[in-house]
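One structure is given here, and the rest of the page talks about it.
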Amino acid sequence: MTKKHTGDLHNHLNGSFSLDFLKKLAEKNGCFDVYEELVRIKAEYLERTQLQPENGYSDDLIGLIWKQFGLIHKIIKNLDDISNGVLDVVQSSTATYLEIRTTPKSMENKTEDDYIDAFESGLLLARQRIGNKKAVGLLSLDRTVHTLKDAKHFIKRILTSPHNLLIGLDISGNPLVKRTLTGRELAEVITLALNSEIPIAIHMGESESHIEKQDTDIILSALEQWKSSQLLQSPNPLHGKVRLGHCIFLTKEQKEKIANLELPIEVCPSCHKKLNWHLEAQPHPVTTIYNDLSDPIVIGTDDEIIFGSSAKIEFNRLIGFFSNNKELDRKKLKEHQAQFRFSN
């Protein structure tokens with residue numbers, strides 16, 4: 002595979018299943034009424050969000066996002082659904098390189114470890130059956146549920162993953178609720194992962210809460226310290242090891258730190274628009290950190306089934322947000338973004 006192909010570097014498993022796959026699952030799992038409700042709400046949501054109002058979408062419309070997720074979770078019943086779902090996501094994506102992230106959870110009296118096994122099985126199936134694409138996995142730490150102990154276990158699972166199917170950690174979770182992974186222990190997770198040569202994607206700047214700003218400062222300080230401890234500073238030791246997701250609500254000082262560290266940022270255009278994180282009449286928030294396509298920015302779909310936008314469409318939207326002073330063509334842009342992948 003050449004590096005010029007489109008990559009999707011911010012892809013959540015449960016938000017990326019195809020409708021056809023969910024229809025088959027609903028028939029199998031005896032919940033076709035749930036699928037029909039999902040189709041109805043999805044159609045209504047996409048119709049009502051085609052054009053963004055000047056002041057953004059209403060809270061009621063944004064609520065339809067979470068309602069769709071709730072219905073999807075009702076359709077996914079067991080670990081076979083997870084394995085087959087990974088295969089579906091890879092098959093249906095317009096990207097040829099995918100980093101798929103998922104939060105391990107217990108299902109039908111099965112453990113989180115069983116879930117990880119099923120996720121790995123799906124990635125292996127995709128590798129065996131879809132020769133023209135590459136998909137690898139990230140384990141998502143939900144900072145509202147998981148702890149430092151969980152993080153250490155996830156790191157162990159990644160280090161022992163067969164065939165390098167799992168290649169990194171993701172730190173995510175609802176930014177507005179109480180956190181179980183925060184402060185010093187959050188910094189410890191980041192340092193432990195990097196010292197274990199485990200790449201890490203970090204959701205950042207998703208709210209304006211005090212705890213979000215505090216954890217952002219802690220994360221950036223941990224990354225500064227780790228970078229300064231590395232013997233080789235060129236090429237940037239953070240590239241291919243760390244990416245930040247979204248980066249919408251940040252202080253001036255935080256933005257400056259990110260730019261100074263040259264930390265890659267995952268931009269998900271449709272997600273940002275439909276959560277009112279980016280009002281289209283205004284510049285994209287990430288342009289206050291990086292303003293050119295030659296800067297460390299990468300594309301992600303986030304949740305394609307919800308936001309209705311493929312990797313190729315999102316790539317085209319990304320191009321419109323930033324200047325292109327080096328006049329990079331599409332091939333060069335994709336090669337540039339490929340250097341920030343966690344698996345090459």
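FYI, the numbering for the sequence shown is 2 to 345, going by this note's numbering.
Glycine included, every Cβ here is placed at the ideal spot set by N, Cα and C.
Nearest residue (CA-CA) to residue i, options the options
i	options	result
GLY174	ASN133, PRO238, LYS78, LEU140	LEU140
ILE199	ILE156, GLU254, GLU207, SER162	ILE156
ALA223	GLU207, SER210, GLY184, SER208	GLY184
SER210	LEU177, TRP227, ILE63	LEU177
GLU267	TYR58, THR288, SER235, GLU254	THR288
GLU121	ASP143, ASP89, ILE131, SER84	SER84
CYS248	CYS272, TRP67, ARG144	CYS272
SER93	ARG144, ALA312, ARG244, GLN129	ALA312
LEU193	LEU170, ILE212, HIS204, LYS179	LEU170
THR148	ARG128, THR181, GLY123, LEU124	THR181
HIS164	HIS204, LYS68, GLN129	GLN129
ILE172	PRO105, LYS135, SER230, GLU113	PRO105
HIS204	ASN237, GLY86, ASP82, ARG144	ARG144
GLN255	SER162, LYS78, ARG41, TYR291	TYR291
LYS68	ASP89, ARG41, ASP82	ARG41
PHE430	HIS285, LEU72, LYS78	Only positions 2 to 345 of the chain appear in this structure, which leaves residue 430 out of reach.
Neighbourhood of residue i by C-beta, 7 Å cutoff - its chain only, sequence neighbours within 5 removed
i	result
LEU80	MET108, LYS111, ASP115, TYR116, ALA119
SER1	With the chain covering only 2 through 345, there is no way to say anything about residue 1.
LYS179	THR145
SER208	PRO176, LEU177, PHE250
ILE212	ARG180, THR183
Residue i to residue j span [Cα, whole Å]
i	j	result
LEU126	THR252	43 Å
PHE18	LEU232	42 Å
ASP304	LYS327	31 Å
ASN30	LEU23	10 Å
GLY16	VAL91	13 Å
LEU187	LYS75	31 Å
LEU39	LEU276	19 Å
LEU329	ASP296	12 Å
MET2	LYS153	Per-residue confidence for MET2 stands at a pLDDT of 38, beneath the threshold of 50, marking its modelled position as unreliable; the derived number appears in the next sentence. Computed Cα separation, rounded: 33 Å.
ASN12	THR95	12 Å
GLY321	LYS150	42 Å
ASN325	GLN338	14 Å
ASN133	GLU189	38 Å
LYS214	GLY206	7 Å
GLY64	ILE219	31 Å
TYR58	LYS274	9 Å
PHE70	ILE307	8 Å
ASP216	ILE191	12 Å
LEU245	ALA202	6 Å
GLU28	ASP21	11 Å
ALA44	LEU26	19 Å
PRO1	LEU334	Residue 1 lies beyond the residue range present for the chain, which begins at 2 and ends at 345; the question has no answer from this structure.
LYS228	ILE131	37 Å
ASP89	ASP82	10 Å
VAL243	PRO236	14 Å
ILE66	LEU72	10 Å
GLY241	GLU113	27 Å
GLU315	LYS78	30 Å
SER162	LEU195	17 Å
Close beta carbons around residue i, own chain, < 6 Å, minus the five adjacent residues each side
i	result
ARG318	PRO270
GLY309	LEU47
ILE168	VAL137, PHE343, SER344
LEU221	LYS258
LEU14	ILE101, THR103
ARG158	ILE117
ASP293	PHE323, SER324, ASN326
For residue i, the residue or residues it bridges with in DSSP
i	result
ASN12	ILE101, ASP303
LYS135	TYR98
ASP21	None; ASP21 has no bridge partner.
VAL268	ILE300
ARG180	Answer is none; ARG180 lacks a bridge partner.
VAL243	ILE201
ASP293	SER324
ASP143	SER173
LEU26	In the DSSP output, where bridge partners are listed per residue, LEU26 has none listed.
LYS111	MET108
LEU167	GLY138
Own chain partners of residue i with C-beta closer than 8 Å, once the 5 adjacent residues on each side are dropped
i	result
LEU124	VAL87, ILE101, ALA136, VAL137, GLY138, LEU166, LEU167
GLU225	LYS258, LEU262
*With contact counted as at least three CB pairs below 8 Å, one residue from each stretch, are the stretch 46 to 58 and the stretch 272 to 285 in contact?*
Contact holds: three or more Cβ-Cβ distances are below 8 Å.
*Within the chosen definition, does the stretch 32 to 49 reach the stretch 248 to 264 through at least 3 CB pairs nearer than 8 Å?*
For the pair of segments examined, the stretch 32 to 49 was found not to touch the stretch 248 to 264: the number of CB pairs separated by less than 8 Å stays below three.
*Taking 8 Å as the threshold, find out whether the stretch 296 to 315 comes into contact with the stretch 7 to 16 through three or more Cβ pairs.*
Judged by Cβ distances under 8 Å, the stretch 296 to 315 makes contact with the stretch 7 to 16, as three or more pairs qualify.
*asked:* With three or more C-beta pairs closer than 8 Å as the rule, is the stretch 93 to 103 touching the stretch 331 to 345?
replied: Yes, they touch.
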